[in-house]
Amino acid sequence: MTISRRVFVKSGGLALFSFGLDPLFLARAAFAVRQSAGPPDRRILVCLFQRGAVDGLNMIVPHGDPIYYRERPRIAVPRQDVIDLDGYFGLHPRLAALRAMWDEKILAVVHAVGSPDATRSHFDAQDYMESGTPGVKATPDGWLNRYCQHHREHADTPFRAVAFGPELPRILAGSAPSLAIDDLQAFGLRVPQPGVRDRLTQAFEELYAGSATGLLSTSSREAFEAVRALRRADPTRYRPAAGADYPRGRLGKALLEIAQLIKADLGLQVAFADVTGWDTHVNQGASEGQLATRLGELAQALTAFTRDLGERMRDVVVLTMSEFGRTVRENGNSGTDHGHATAMLALGGTVNGGRVLGKWPGLDPAQRFEGRDVAVTTDFRDLFAELLARHLGAQDLSAVFPQFAADPTRFPGAIRA
Amino acid sequence: MKTLLVSSLVALAQALPAQHPALTARDSAFHALNRLAYGPRPDEVDRVAALGVTTWIERQLSPERIADDRLARVERDFEILGYDRRDLAAMYAAARRERRREKRGGEADTVAASHPAGPLVQRGRRLTGEFADLAVVRAVLSERQLYEVMVDFWTNHFNVYVAKGADRFLAPDYIEHTIRPHAMGRFADLLIATAQSPAMVFYLDNWRSTAQGRNENYARELLELHTLGVDGGYTQQDVIEVARILTGWSIQPPRRGAAFEFHAGAHDRGEKQVLGVGFPGGHGMDEGIGLLKLLASHPATMHHVSQELCRRFVSDDAPDGCVDDAVAAWKRSDGDVREVLRAIFRGPDFWAARNVRAKVKTPLEFVVSAARAVAGQPDTSPRLAQVVARLGEPLYRHVAPDGYPEREDAWVNSGALLDRMNAAVALAAGRLPGITISLDSVTAASEPEALIDAVDATILGGAMSANTRAVIERQMSDVSDPWQARARAVGLAIGGPEFQRQ
Numbered sequence: 145m146t147i148s149r150r151v152f153v154k155s156g157g158l159a160l161f162s163f164g165l166d167p168l169f170l171a172r173a174a175f176a177v178r179q180s181a182g183p184p185d186r187r188i189l190v191c192l193f194q195r196g197a198v199d200g201l202n203m204i205v206p207h208g209d210p211i212y213y214r215e216r217p218r219i220a221v222p223r224q225d226v227i228d229l230d231g232y233f234g235l236h237p238r239l240a241a242l243r244a245m246w247d248e249k250i251l252a253v254v255h256a257v258g259s260p261d262a263t264r265s266h267f268d269a270q271d272y273m274e275s276g277t278p279g280v281k282a283t284p285d286g287w288l289n290r291y292c293q294h295h296r297e298h299a300d301t302p303f304r305a306v307a308f309g310p311e312l313p314r315i316l317a318g319s320a321p322s323l324a325i326d327d328l329q330a331f332g333l334r335v336p337q338p339g340v341r342d343r344l345t346q347a348f349e350e351l352y353a354g355s356a357t358g359l360l361s362t363s364s365r366e367a368f369e370a371v372r373a374l375r376r377a378d379p380t381r382y383r384p385a386a387g388a389d390y391p392r393g394r395l396g397k398a399l400l401e402i403a404q405l406i407k408a409d410l411g412l413q414v415a416f417a418d419v420t421g422w423d424t425h426v427n428q429g430a431s432e433g434q435l436a437t438r439l440g441e442l443a444q445a446l447t448a449f450t451r452d453l454g455e456r457m458r459d460v461v462v463l464t465m466s467e468f469g470r471t472v473r474e475n476g477n478s479g480t481d482h483g484h485a486t487a488m489l490a491l492g493g494t495v496n497g498g499r500v501l502g503k504w505p506g507l508d509p510a511q512r513f514e515g516r517d518v519a520v521t522t523d524f525r526d527l528f529a530e531l532l533a534r535h536l537g538a539q540d541l542s543a544v545f546p547q548f549a550a551d552p553t554r555f556p557g558a559i560r561a
Numbered sequence: 168m169k170t171l172l173v174s175s176l177v178a179l180a181q182a183l184p185a186q187h188p189a190l191t192a193r194d195s196a197f198h199a200l201n202r203l204a205y206g207p208r209p210d211e212v213d214r215v216a217a218l219g220v221t222t223w224i225e226r227q228l229s230p231e232r233i234a235d236d237r238l239a240r241v242e243r244d245f246e247i248l249g250y251d252r253r254d255l256a257a258m259y260a261a262a263r264r265e266r267r268r269e270k271r272g273g274e275a276d277t278v279a280a281s282h283p284a285g286p287l288v289q290r291g292r293r294l295t296g297e298f299a300d301l302a303v304v305r306a307v308l309s310e311r312q313l314y315e316v317m318v319d320f321w322t323n324h325f326n327v328y329v330a331k332g333a334d335r336f337l338a339p340d341y342i343e344h345t346i347r348p349h350a351m352g353r354f355a356d357l358l359i360a361t362a363q364s365p366a367m368v369f370y371l372d373n374w375r376s377t378a379q380g381r382n383e384n385y386a387r388e389l390l391e392l393h394t395l396g397v398d399g400g401y402t403q404q405d406v407i408e409v410a411r412i413l414t415g416w417s418i419q420p421p422r423r424g425a426a427f428e429f430h431a432g433a434h435d436r437g438e439k440q441v442l443g444v445g446f447p448g449g450h451g452m453d454e455g456i457g458l459l460k461l462l463a464s465h466p467a468t469m470h471h472v473s474q475e476l477c478r479r480f481v482s483d484d485a486p487d488g489c490v491d492d493a494v495a496a497w498k499r500s501d502g503d504v505r506e507v508l509r510a511i512f513r514g515p516d517f518w519a520a521r522n523v524r525a526k527v528k529t530p531l532e533f534v535v536s537a538a539r540a541v542a543g544q545p546d547t548s549p550r551l552a553q554v555v556a557r558l559g560e561p562l563y564r565h566v567a568p569d570g571y572p573e574r575e576d577a578w579v580n581s582g583a584l585l586d587r588m589n590a591a592v593a594l595a596a597g598r599l600p601g602i603t604i605s606l607d608s609v610t611a612a613s614e615p616e617a618l619i620d621a622v623d624a625t626i627l628g629g630a631m632s633a634n635t636r637a638v639i640e641r642q643m644s645d646v647s648d649p650w651q652a653r654a655r656a657v658g659l660a661i662g663g664p665e666f667q668r669q
C-alpha cells in the first residue's frame with residue numbers, strides 16, 4: 145500500500161485537503177465508530193441482496209477443512225491465497241480489503257445461515273427471504289416494510305425506506321411509504337426552465353392527488369414529498385469524503401447515493417440495493433475469475449462506503465444477504481449448483497465484529513443438507529430479527545415475522561448487546 | 168380435422184356478444200384496444216366501435232390475414248433483420264477479438280475500460296440497441312396488435328437474458344425464429360421450440376449438462392416457470408430426472424453458428440421417471456420430446472399458463488372463472504393458443520366493470536400506448552427502448568428466468584411514476600428523440616375546452632375525471648402559445664393517473 149501524503153492547498157482563503165489511502169484513517173474511524181454508537185432512532189440499516197445465490201463457501205472459505213478442497217478440485221480457493229480470519233475460515237483474496245474492518249471488530253460473518261424452507265428455486269427463495277415468511281407465498285408485503293409499518297415512532301419522511309434501483313423490491317413492498325430511486329440527482333421532473341418545472345410539478349401533484357386511486361395514489365404522494373425534500377438537500381454538489389473510491393457500476397452508485405442520503409440527514413433509516421451476478425453455474429473461478437470479480441467489486445464498494453461515512457458509520461450497519469448458498473461439491477462445469485445455507489456479512493458500528501458467528505455444521509456429507517449442501521443452522525429470521533431489535537431498537541418482532549417466535553437466545557450475536 | 172370442426176362449432180356456439188351490457192360500443196372498443204392491443208391510435212376507438220368489437224377481436228386472432236405494410240416498410244430499415252445467427256455470431260467473435268487487441272494495445276492500467284470502443288464493438292452495440300428498439304417499434308406500428316402482445320407475453324414467459332455471453336447474438340434469432348412463429352400457435356410446439364433454441368439452451372446452461380456433469384438449471388425452470396408452475400406438484404427428484412432426460416441437448420460451438428445439436432455421447436442412457444411416468448433408457452432425444460409433450464399437456468401446465476394469460480389480459484389477480492374457461496379451451500383444442508385467448512375474451516371476467524381500466528400498464532405498455540396515442544412514428548434509433556428501460560423494463564435484460572412481472576406493485580413506485588411523467592411531457596413536447604409525433608391527429612382545436620374534450624376522447628377514452636379536467640384547464644390559462652398549450656394538455660393527460668391504467 146502506498147504511504148499516504150496529505151496535501152494541504154491554500155486557495156482563495158479555502159483550505160482544501162485530501163486524504164490518501166491511509167489505512168490508519170480507516171482504523172481511527174473504525175475505533176471511533178465502535179465506541180460511540182448513537183441511540184437506536186438515529187441508526188440505519190443498509191441491506192445488500194446478492195441475487196442469484198452467492199457461494200458462501202468461496203466467499204468465506206473454510207480453508208481449515210480438507211473436505212472443502214476434496215469437493216472442489218478446480219474451484220477451491222488455494223490455502224495460500226485465503227486471507228485467514230480465525231484459523232479455520234478466511235476471506236476470499238478479493239475481499240482482502242475487509243480484513244482491516246475485521247481487525248477493528250466492525251465486521252462479522254454469519255455462516256450457515258439460510259431459510260428453513262428447502263426450495264432451490266431462486267424466485268421462491270428470494271421471495272421468502274424478502275417476505276420474511278419462508279414457505280408462505282401469499283404474504284403480500286416485505287419484512288422491511290412491515291418493520292416500518294409497526295415502528296412508527298421513527299419520524300416518517302419520504303426517505304425513511306429507500307431502495308436504490310429502478311424497481312421497488314419485494315422486501316420493501318407494503319403499506320408503509322417506501323421509495324425506489326434509480327438516480328438521486330435526476331429525481332423529480334426534468335424540465336430545463338425552473339419556472340415551467342415547478343408549475344408542471346404542481347400540476348401533476350394535483351392530478352394525482354385528485355384522481356389517482358390505490359397504489360398510484362400513495363406512490364405519487366410519496367414522490368412529490370420526496371422531490372421537495374431532495375430539492376432542499378441538493379445532491380448535485382456531493383463529493384465522497386476521505387478519497388472514498390466507489391467502484392463503477394450499480395453497486396458503487398447505490399452505496400454512494402446511500403451515503404449521500406445519510407449525510408443529508410433526510411431521515412433515511414432503511415436502505416436496500418441489489419447486487420447481481422452470483423449465479424455461478426459455470427466457470428465460477430477460484431482466486432480469480434467470475435466470482436472473484438464480483439467479490440472484488442463488493443469489497444471495494446464496502447470499503448469506499450465505510451471510508452466515505454467515516455464516523456457516521458457508527459450508526460450504520462450494512463448487511464449482505466442471499467437467497468441460498470451453493471452445492472459443496474463443484475459441478476461438471478467448474479461451477480456450483482443451487483444449494484442451501486450461505487454466509488452473510490454484517491459491517492458497522494454496532495456490529496459484534498471480528499468473529500464468524502453461527503453454529504458451523506461442517507462439510508462432511510453426513511452433516512450436509514440432503515447430502516449435498518451446507519445445512520442451515522441459523523434461520524435468516526433470527527439474524528434479521530437481531531438487526532431490527534438490537535440495532536434499530538424494534539420492540540414488536542412478531543408483527544415483522546409472523547408465525548415466528550423471535551427468541552433472543554437464538555440470535556447469532558451479530559450486534560453488540 | 169375432426170377436432171378442428173368440433174372446436175369451431177364450439178366456438179360458434181359460444182359466440183355470445185363479446186361485450187358487457189354496461190359498456191357502450193366505444194367503451195368496449197377502448198377496453199379491447201387497451202388489452203388486446205397497446206392502446207388506441209387516434210380515431211382507432213371509433214373505427215373498432217364501428218366495425219364491432221367482436222369482429223375486430225376475431226380479426227386480431229388471425230394475424231396472418233391482417234396486412235401490415237406500414238410496419239414492413241419500417242422493418243426494412245432495421246439492419247439487424249438482415250443478419251442470421253451465423254452472421255451475428257461471426258460479428259460478435261470479431262468484436263471480441265477487436266476488444267482484446269485494443270486492451271492489449273492500451274496501457275495496462277485498470278481504467279482501460281474507459282477508452283473508446285472500436286468500430287466492431289460499436290456496431291455490436293448499435294445492433295443490440297436496434298434489437299430492443301425493434302420490439303418497441305413493432306408494438307407501436309403493427310396492425311397485428313394482439314400478435315405483438317402475445318410475442319411480448321411469451322418473451323417474458325420464456326425469458327432469456329441478452330447480456331449473458333453468447334445470448335448477445337442468439338437472442339435476436341430466438342425472437343425471430345422461436346417466439347414469433349409460434350406466438351399464436353400450439354403451446355407444445357412453442358415449448359419444444361424454446362427447448363431446442365440455442366438462446367435458451369445457452370441461457371439456462373443445458374448445453375453444459377452431460378451424463379457425467381449434470382446441470383439442473385434448465386430442468387428446474389422448465390418445470391417451475393415454463394410448464395407446471397411452482398405449485399405444480401413436482402419434487403426435487405423430478406428436477407433431477409428431467410435434467411437427466413435432457414442431457415445432451417446442446418449447441419454447436421458459437422464460432423460454428425451455435426445451432427442446436429443433440430450430443431448422443433453426453434446423454435444419460437439410464438432409465439428415468441418423471442411425475443410417475445417411466446422413460447426407458449436408450450431413446451436419446453426422443454425421451455426429451457416425449458417429456459416436453461407430457462409437460463405441455465399436463466393439467467398443472469394448463470392451469471399455470473392460463474393463470475398467467477388471465478393475469479395479463481384480465482386482472483392482476485387472475486379470476487378463477489377466467490382460468491377455468493381458458494383451461495377448458497386448452498383441453499378442447501389441445502393447447503391452441505388462439506382458442507385459449509378466444510375463451511378469455513369471450514368470458515364475463517374480461518368485460519366485467521371491475522376489470523375495466525383496472526390494470527396498471529407495464530413500462531413497455533405505457534411507452535407504446537403513449538406513442539400510439541400521439542400517432543407516433545418511431546425510427547430505428549434505440550431511444551424509445553431506452554425510455555422503456557429507464558421506466559424499469561429494459562427489454563431482454565431481465566436477468567432471472569421468470570421474465571418481467573405482470574403485477575402493478577412491481578411497476579408502481581414513486582420514482583417510476585416521476586419517470587413516467589417525465590417521459591409524457593417530453594413525448595408530447597416532441598422532445599423525445601427517436602420518434603416523431605403528430606398532435607394534429609389528436610386534435611386541431613386550440614380553444615381550451617375543445618382541446619381538453621379531444622384529449623379526453625382520444626387519449627383517455629372519455630374517462631377523464633373532473634379533477635383532471637380542472638387541473639389541465641388551469642394549466643391552459645398559463646400558456647398562450649396554442650402549440651404549447653396542446654403539448655401541455657397531452658403531456659399532462661399521458662403522465663396523469665388515468666393513462667397509467669388500461
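Chains as they are written, first to last, in the numbering used here: chain D, 145 to 561; chain Y, 168 to 669.
Built from N, CA and C at the ideal position, the CB exists for glycine as well.
Given the structure is predicted, the values throughout are model-derived calculations rather than measurements.
Exercise. With a cut-off of 8 Å, do at least 3 Cβ pairs link the region 372 to 385 of chain Y to the region 442 to 454 of chain Y?
Worked result: These segments do not touch.
For this session: Would you decide whether D576(Y) is buried or exposed? Buried here means 16 or more other CB atoms lie within 10 Å of its CB.
Result: By the neighbour-count criterion, in which a residue is buried when 16 or more other Cβ atoms sit within 10 angstroms of its Cβ, D576(Y) is buried.
Exercise. Using a C-beta to C-beta distance shorter than 7 Å, which residues of chain Y count as neighbours of V426(D)?
Worked result: Near V426(D) (Cβ distances below 7 Å), the residues of chain Y are D372, R375.
For this session: Tell me, please, whether the CB atom of Q553(Y) is closer than 9 Å to any CB atom in chain D?
Result: The beta-carbon of Q553(Y) is placed no less than 9 Å from the nearest beta-carbon of chain D.
Problem set entry | Other residues of its chain near D235(Y): CB distance less than 6 Å, five sequence neighbours each side excluded | For D235(Y), where only same-chain residues beyond five positions count, the Cβ hits under 6 Å are S309, E310, R311.
For this session: Spatial neighbours of L390(Y) within its chain, please: CB distance less than 8 Å, with the 5 preceding and 5 following residues excluded, ordered by chain position.
Result: Once the five neighbours on either side are set aside, the close Cβ partners of L390(Y) are G399, Y401, D405, V406, V409, L462.
For this session: For the region 645 to 660 of chain Y and the region 592 to 606 of chain Y, state whether three or more C-beta atom pairs, one from each stretch, are separated by less than 8 Å.
Result: Yes, since at least three Cβ pairs between the region 645 to 660 of chain Y and the region 592 to 606 of chain Y fall closer than 8 Å, the two stretches touch.
Problem set entry | Neighbouring residues, chain Y, relative to E311(D) (Cβ below 8 Å) | Within 8 Å Cβ-Cβ: G559, A577, W578, N580, A583.
Exercise. List, in order along the chain, the chain D residues whose C-beta lies closer than 8 Å to that of S632(Y)?
Worked result: In chain order: G354, S355.
Exercise. I think P310(D) touches A324(D), with their Cβ atoms under 8 Å apart; what is that distance to the nearest whole Å?
Worked result: Indeed they touch by this definition, with Cβ atoms about 7 Å apart.
Exercise. So is P302(D) in contact with chain Y if we call contact Cβ pairs under 9 Å?
Worked result: It does; some Cβ of chain Y falls within 9 Å.
For this session: Measuring only between beta-carbons, confirm whether T450(D) sits less than 9 Å from chain Y.
Result: False, the Cβ-Cβ gap to chain Y never drops below 9 Å.
For this session: Give the residues of chain D in contact with L659(Y), contact being defined as C-beta atoms less than 9 Å apart.
Result: Simply L344, A347, F348, L351.
Problem set entry | Under 9 Å from the C-beta of N382(Y): neighbouring residues of chain D | Those are H425, V426, N475, G476, N477, G479, D481, listed as they occur along chain D.
For this session: Would you list the one or two residues that DSSP bridges to H544(Y)?
Result: The amino acid at residue 544(Y) is misidentified as His; the sequence shows Gln. Its beta-bridge partners are T603(Y).
Problem set entry | Euclidean distance between Cα positions of F325(Y) and G352(Y) | Rounded to whole angstroms, F325(Y) to G352(Y) spans 15 Å at the Cα level.
Problem set entry | Sequence-distant residues of the same chain with beta carbon closer than 6 Å to L400(D), five excluded per side | If you ignore the 5 residues before and after L400(D), its C-beta comes within less than 6 Å of the C-beta of Y390, all in its own chain and listed in chain order.
For this session: Determine the contact status of P530(Y) and A591(Y), defining contact as a CB-CB distance below 9 Å.
Result: Cβ atoms of P530(Y) and A591(Y): not closer than 9 Å.
Problem set entry | Runs of alpha helix (DSSP H) wholly within the region 233 to 271 of chain D (minimum 4 residues, chain order) | Whole alpha helix (DSSP H) segments, 4+ residues: 243 to 247.
For this session: Compute the beta-carbon to beta-carbon distance between V419(D) and L442(D), rounded to the nearest angstrom, for a pair I have assumed lies under 8 Å.
Result: Correct: roughly 6 Å between the Cβ atoms.
Exercise. Which runs of the alpha helix (DSSP H) spanning at least 4 residues fall entirely within the region 181 to 255 of chain Y, listed in chain order?
Worked result: Counting only runs of 4 or more, we get 192 to 202, 211 to 218, 220 to 227, 236 to 242.
Exercise. What in chain Y is Cβ-close to T420(D), meaning under 8 Å?
Worked result: Against T420(D), the close residues of chain Y are V566, in the order they occur along the chain (beta-carbon pairs closer than 8 Å).
For this session: Establish whether the CB of D326(D) and some CB of chain Y are separated by less than 9 Å.
Result: Interface annotation, D326(D): in contact with chain Y, CB-CB separation under 9 Å.
For this session: May I ask you to report which of helix, strand or coil DSSP gives S188(D)?
Result: The displayed chain sequence assigns Ile, not Ser, to residue 188(D). Three-state result, I188(D): strand.
Exercise. Excluding the five sequence neighbours on either side, which residues of its own chain have a C-beta within less than 7 Å of the C-beta of A467(Y), listed in chain order?
Worked result: These residues qualify, in order along the chain: L395, G396, G399, G400.
Exercise. In terms of alpha-carbon separation, which member of R668(Y), L358(Y), E343(Y) lies closest to K528(Y)?
Worked result: Comparing alpha-carbon positions, the option among R668(Y), L358(Y), E343(Y) lying closest to K528(Y) turns out to be R668(Y).
For this session: Taking F331(D) and V306(D) to be in contact with their CB atoms under 8 Å, please state how far apart those CB atoms are, rounded to whole angstroms.
Result: A Cβ-Cβ distance of about 11 Å is found for the pair F331(D) and V306(D), leaving them out of contact under the 8 Å criterion.
For this session: With a threshold of 16 other CB atoms inside 10 Å of the CB of P167(D), please say whether the residue is buried or exposed.
Result: Residue confidence is low: P167(D) scores 46 on pLDDT, short of 50, so the model does not pin down where it sits. No coordinate-derived value is stated.
Exercise. If you draw a straight line from the alpha carbon of F512(Y) to that of S229(Y), how long is it in whole angstroms?
Worked result: One C-alpha to the other measures close to 14 Å.
For this session: Identify each residue in the region 634 to 645 of chain Y for which the Cβ-Cβ distance to at least one residue of chain D is less than 7 Å, and report them in chain order.
Result: Residues N634, T635, V638, Q642, D645.
Problem set entry | Option in A550(D), T263(D), Q539(D), A549(D) with minimal Cα separation from R296(D) | Scanning A550(D), T263(D), Q539(D), A549(D) for the CA closest to the CA of R296(D) turns up Q539(D).
Problem set entry | Contact belief for T486(D) with V280(D) at Cβ below 8 Å, rounded distance in angstroms | Not a contact, Cβ separation roughly 21 Å.
Exercise. Bridge partners of T420(D), per DSSP?
Worked result: According to DSSP, which records beta bridges pairwise, T420(D) is partnered with nothing at all.
Exercise. Opposite S417(Y) in the DSSP bridges: which residues?
Worked result: According to DSSP, S417(Y) bridges with E428(Y).
Exercise. If you measure from the beta carbon of G164(D) to each beta carbon in chain Y, is any gap under 9 Å?
Worked result: Note that G164(D) scores a pLDDT of 33, beneath 50, so its modelled location is shaky; the value from the coordinates is reported in the next line. For G164(D), the answer is no, since every Cβ of chain Y falls outside 9 Å of its Cβ.
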